[in-house]
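So the sequence lines, in the order shown, correspond to chains U and G. Position 60, counted from 1, in the first sequence is what our numbering calls 60; the numbers after and before it change by one each time, with no gaps. Position 86, counted from 1, in the second sequence is what our numbering calls 86; the numbers after and before it change by one each time, with no gaps. Ideal placement from N, C-alpha and C gives every residue a C-beta, glycine not left out.
2 protein chains.
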Amino acid sequence: MSHTHDEVQGFLPLPAATLHILMALAEGDRHGYAIIQDVAERTGGRLRLSPGTLYRSVQRMLDQGLITEPRTRPAPELDDERRRYYRLTSLGMAVARAEAGRLEDLVRMARATGLVPRKA
Amino acid sequence: MSHTHDEVQGFLPLPAATLHILMALAEGDRHGYAIIQDVAERTGGRLRLSPGTLYRSVQRMLDQGLITEPRTRPAPELDDERRRYYRLTSLGMAVARAEAGRLEDLVRMARATGLVPRKA
DNA sequence: TGCGCATATATCCAGCGTGGATATATTGGC
DNA sequence: GCCAATATATCCACGCTGGATATATGCGCA
């Protein structure tokens, strides 16, 4: 289950919401509403994914194969029937890593200009 | 010539082209076409700003006060009359630093998920 | 001389990603 | 019984982008 450089690179640059969703799913399977909360929490409330952005991003990511909808649902007794859960694919992980690398390059370039101090 | 946190933060997230233009101008005054070349060079040819993106971004940045058009033109004997030169403002620098910081936070978050290794 | 390419700026269109509003339905607290 | 939170889904308007197009000058080369 390996992915070619071009196959992964073709997704970049990743839409902002997509990277956040991938990061939220890195810890485990989550449903849509939980992803919104997770992103808000992780960003200290600075990024609040709107429902429109979240559900359209999720649909696109399913189509692209970055995430899947697993058959098994966690904790049936605590479950909410309405929920739809999502899981990272190996392609999704590879794409997230590639995007993070791209962002690192960007930060490195910014530092190289001398415009940006090397730490805050 | 200081800028408030909110004044600067209000520009974020910065459009991709805008950050690249700010980085290109960090080294000194440049005209539009030179910015396109500079960005292509710095990114190893991976990002080629289209004319549409470049000139619209520049116009927006002038309106926002991130850059200015200096009166003095460099090297009059080597100059091309058609060129329009642009220069970073202190606001532009502050905004570029803030955006770089935002990207760093993003990379840090990606690392924290364990999804992204800490160096390549 | 004339052709094409690089230089240089500017405008237009179509496409995509986003926020916000709206809709629908269920659950829990007061 | 009412409102807020939970949960998903769709629609509209806006902003950013690439690519095409337009215009004009300068340079190399056949």
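**OP:** Mark leucine 12 of chain U as exposed unless 16 or more other C-beta atoms lie within 10 angstroms of its C-beta, in which case mark it buried.
**Re:** exposed
**OP:** Using beta-carbon positions only, say whether glutamate 81 of chain U and leucine 19 of chain U come within less than 8 Å of one another.
**Re:** no
**OP:** Would you grab the beta carbon distance between valine 116 of chain G and alanine 34 of chain U for me? Rounded to a whole angstrom, and I think it's under 8 Å.
**Re:** So it is not a contact: roughly 21 Å between Cβ atoms.
Original post:
Taking 8 Å as the CB-CB cut-off, is glycine 114 of chain G touching chain U?
Top reply: yes
Original post:
What residues in the segment 32–50 of chain U have a beta carbon less than 7 Å from any beta carbon of chain G?
Top reply: Contact residues of the segment 32–50 of chain U toward chain G are Arg42 (C-beta to C-beta distance below 7 Å).
Original post:
Since proline 85 of chain U sits in a beta bridge, which residues does DSSP pair it with?
Top reply: First, the amino acid is wrong: residue 85 of chain U is tyrosine here, not proline. DSSP, once it has assigned bridges, lists U:His31 as partnering tyrosine 85 of chain U.
Original post:
Should glutamate 69 of chain G be flagged as near chain U, meaning a C-beta pair shorter than 8 Å?
Top reply: no
**OP:** Check whether the Cβ of proline 74 of chain U lies closer than 8 Å to any Cβ atom in chain G.
**Re:** False, the Cβ-Cβ gap to chain G never drops below 8 Å.
Original post:
For arginine 87 of chain G, which residues of its own chain have a beta-carbon under 7 Å away from its beta-carbon, when the five flanking residues on both sides are left out?
Top reply: Leu25, Asp29, Ile67, Thr68 and Pro70
Original post:
Taking the alpha helix (DSSP H) that glycine 45 of chain U falls in, what are its first and last residues?
Top reply: For glycine 45 of chain U, there is no enclosing alpha helix (DSSP H), as DSSP gives it neither H nor E.
Subject >> Three-way DSSP call (helix, strand, coil) for threonine 113 of chain G in this model >> reply: coil
Subject >> 6 Å CB neighbourhood of glycine 92 of chain G in its chain, flanking five on each side removed >> reply: Leu22, Leu66 and Ile67
Original post:
Which of the residues in the segment 88–100 of chain G, read from start to end, lie with their CB under 7 Å from any CB of chain U?
Top reply: Met93, Ala96, Arg97 and Ala100
Original post:
Given a threshold of 16 other Cβ atoms within 10 Å of its Cβ, counted over all protein chains shown, does methionine 109 of chain G qualify as buried or as exposed?
Top reply: buried
**OP:** In angstroms with no decimal places, state the Cα-to-Cα distance between proline 51 of chain U and glycine 32 of chain U.
**Re:** 9 Å
Original post:
With a Cβ-Cβ cutoff of 8 Å, do threonine 113 of chain U and glutamate 41 of chain G count as a contact?
Top reply: Against a cut-off of 8 Å, the Cβ pair of glutamate 41 of chain G and threonine 113 of chain U comes out as no contact.
Original post:
Across which residues does DSSP place isoleucine 67 of chain U in a beta bridge pair?
Top reply: U:Leu88
Original post:
Between which two residues does the alpha helix (DSSP H) carrying threonine 18 of chain G extend?
Top reply: 16–26
Subject >> Limits of the alpha helix (DSSP H) - the one that aspartate 6 of chain U falls within >> reply: 5–9
Original post:
For the ligand FAD, any of its heavy atoms closer than 7 Å to the Cβ of leucine 22 of chain U?
Top reply: Judged by which ligands are present, the structure shown has none, so any question about the ligand FAD falls away.
Subject >> C-alpha gap between serine 2 of chain U and aspartate 38 of chain U, whole angstroms >> reply: 29 Å
Subject >> Outcome for serine 57 of chain G when other beta-carbon atoms lying within 10 angstroms are tallied against a minimum of 16 >> reply: buried
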